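Participant: Sequential numbering from 639 applies to the sequence shown in this note's numbering.
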Amino acid sequence: MSKTGPLLTFDILTLFPEMFVGPFRESMIRLAKKKGLVKIQVHNLRRFTLDRHKTCDDKPFGGGPGMVMMAEPLFKGIEFLKARRPGAKVILLAPQGKKYNQREAWQLSRESHLILVCGHYEEVDERVREHLIDAEYSIGDFITTGGELPAMCLVDSLVRLVPGVVGNKDSIQHESFQNGLLDHPHYTRPRVFRGFSVPEVLLSGDHKKVEAWRKEQALRRTQERRPDLLKEHRKDH
Ligand SMILES: C[S@@+](CC[C@H](N)C(=O)[O-])C[C@H]1O[C@@H](n2cnc3c(N)ncnc32)[C@H](O)[C@@H]1O
639 MSKTGPLLTF DILTLFPEMF VGPFRESMIR LAKKKGLVKI QVHNLRRFTL DRHKTCDDKP
699 FGGGPGMVMM AEPLFKGIEF LKARRPGAKV ILLAPQGKKY NQREAWQLSR ESHLILVCGH
759 YEEVDERVRE HLIDAEYSIG DFITTGGELP AMCLVDSLVR LVPGVVGNKD SIQHESFQNG
819 LLDHPHYTRP RVFRGFSVPE VLLSGDHKKV EAWRKEQALR RTQERRPDLL KEHRKDH
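1) So is the beta-carbon of residue 661 under 7 Å away from any non-hydrogen atom of ligand 1?
2) Have a look at residue 710 and residue 689 and give me their C-alpha separation to the nearest angstrom.
3) Which of the three DSSP states, helix, strand or coil, is assigned to residue 777?
4) Does the segment 674 to 688 come within contact of the segment 646 to 653, defined as at least 3 CB pairs closer than 8 Å?
5) Measuring alpha carbon to alpha carbon, tell me which of 752, 796, 812 and 662 ends up nearest residue 724.
6) Can you tell me which residues form a DSSP beta bridge with residue 597?
7) Say the cut is 7 Å; is the CB of residue 731 nearer than that to a heavy atom of ligand 1?
8) Is the Cβ-Cβ distance between residue 757 and residue 785 less than 8 Å?
9) Does the pairing of the segment 781 to 798 with the segment 660 to 677 give three or more beta-carbon distances under 8 Å?
10) DSSP three-state call for residue 740: helix, strand or coil?
11) Out of 811, 713 and 761, which has the shortest C-alpha to C-alpha gap to residue 734?
12) Nearest to residue 754 by CA position, among 700, 732 and 825, is which residue?
13) Please state the DSSP three-state secondary structure of residue 679.
14) Measuring from the CB of residue 761, is there a heavy atom of ligand 1 at a distance below 7 Å?
15) One question on the structure: do residue 682 and residue 655 come within less than 8 Å of each other, judged by their Cβ atoms?
16) For the alpha helix (DSSP H) holding residue 718, just list the boundary residues, first then last.
17) Do residue 856 and residue 808 count as a contact pair if the criterion is CB distance below 8 Å?
Below, the structure written as structure tokens:
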């Protein structure tokens with residue numbers, strides 16, 4: 639357990655808390671929770687409803703397809719969580735939000751408390767957006783059914799940036815997007831698999847040569863797959 643308490647706390651507000659059970663019970667997130675480095679609490683939005691049916695959505699004013707998530711439970715839920723964690727940043731997962739990337743992940747990882755609000759159906763009532771949300775993030779230009787999977791992506795990407803979570807700090811520093819480049823190719827044993835060999839340089843034991851090869855491969859890959867990143871990389875280096 640961490641002696642100082644968790645470095646990053648997440649409160650997730652959702653209509654589908656069960657969706658988080660599996661992903662948060664495995665791998666790096668499980669480890670980070672076990673070490674006490676992060677704390678994640680998932681809250682059922684229906685807890686903040688007023689009627690006995692626990693209604694959270696209603697028809698849109700002005701007509702049109704789908705349902706809209708009502709302001710009341712969202713206001714109540716967010717206000718409840720904010721009162722427990724003053725200073726927490728409230729984030730709405732939304733396809734109209736700022737595009738989430740590794741740079742945004744590093745920025746967000748400096749926060750100590752994040753409240754993640756998962757939308758569903760057509761959208762949340764716009765008044766939630768206007769009055770309670772500090773930032774909106776999109777995980778890409780496509781539509782998921784709800785904010786749950788996008789929230790999991792945010793949590794996972796942030797948890798691995800918390801100091802002490804990833805055992806070898808170098809592995810974070812060398813990942814794709816870290817320095818504006820994609821990662822280089824990786825190989826492990828055996829040296830020859832079905833007649834396909836590992837590049838000779840990786841077996842040379844010459845660290846400088848290996849480093850140079852990896853840099854060149856990273857540049858080549860980025861050029862081939864993500865030339866947009868390369869423009870940014872050239873500006874910074
Ligand atoms: C079906 S979507 C609503 C899409 C909305 N009508 C629109 O066109 O912008 C329901 C919920 O899923 C989440 N969502 C969908 N796509 C997302 C994305 N790319 N990034 C983040 N959240 C997303 C949001 O929380 C959203 O409120």
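Yeah, the Cβ is synthetic: ideal placement off N, Cα and C, and Gly gets one too.
Source: prediction; values computed, not measured.
Facilitator: Result, derived from the coordinates:
1) Looking up residue 661 in the sequence shown gives position 23. No, Cβ of residue 661 sits at least 7 Å from all heavy atoms of ligand 1.
2) By one-based count along the sequence shown, residue 710 stands at place 72. By one-based count along the sequence shown, residue 689 stands at place 51. Between residue 710 and residue 689, the C-alpha separation is close to 11 Å.
3) Taking the sequence shown and counting its residues from 1, one reaches residue 777 at position 139. Three-state DSSP puts residue 777 in coil, outside helix and strand.
4) Yes, the segment 674 to 688 touches the segment 646 to 653.
5) Counted from its first residue, the sequence shown places residue 724 at position 86. Per the Cα distances, 752.
6) The question about residue 597 has no answer here: the residues shown for the chain are numbered 639 through 875.
7) As a first step, residue 731 is located in the sequence shown; it is residue number 93 there, counting from the start. Relative to ligand 1, the nearest heavy atom lies less than 7 Å away from the CB of residue 731.
8) The sequence position of residue 757 within the sequence shown is 119, counting from 1. The sequence position of residue 785 within the sequence shown is 147, counting from 1. Going by C-beta atoms, residue 757 is nearer than 8 Å to residue 785.
9) Using a C-beta cut-off of 8 Å, the segment 781 to 798 makes contact with the segment 660 to 677, since at least three inter-stretch Cβ pairs fall below that distance.
10) Here residue 740 refers to the residue found at position 102 when the sequence shown is read from its first residue. Helix.
11) Walking along the sequence shown from the start, residue 734 turns up at place 96. Comparing Cα-Cα distances from residue 734 to each of 811, 713 and 761, the minimum goes to 761.
12) Translated into positions along the sequence shown, residue 754 becomes position 116. For the residues 700, 732 and 825, the minimum Cα distance to residue 754 belongs to 732.
13) As a first step, residue 679 must be located in the sequence shown, where it is residue number 41. Three-state result, residue 679: strand.
14) As a first step, residue 761 is located in the sequence shown; it is residue number 123 there, counting from the start. For residue 761, the shortest separation between its Cβ and any heavy atom of ligand 1 lies below 7 Å.
15) Translated into the one-based positions of the sequence shown, residue 682 becomes position 44. Translated into the one-based positions of the sequence shown, residue 655 becomes position 17. Contact: yes.
16) As a first step, residue 718 must be located in the sequence shown, where it is residue number 80. The continuous alpha helix (DSSP H) containing residue 718 extends over residues 709 to 722.
17) Taking the first residue of the sequence shown as 1, we reach residue 808 at position 170. Taking the first residue of the sequence shown as 1, we reach residue 856 at position 218. Between residue 808 and residue 856, the gap from beta carbon to beta carbon reaches 8 Å or more.
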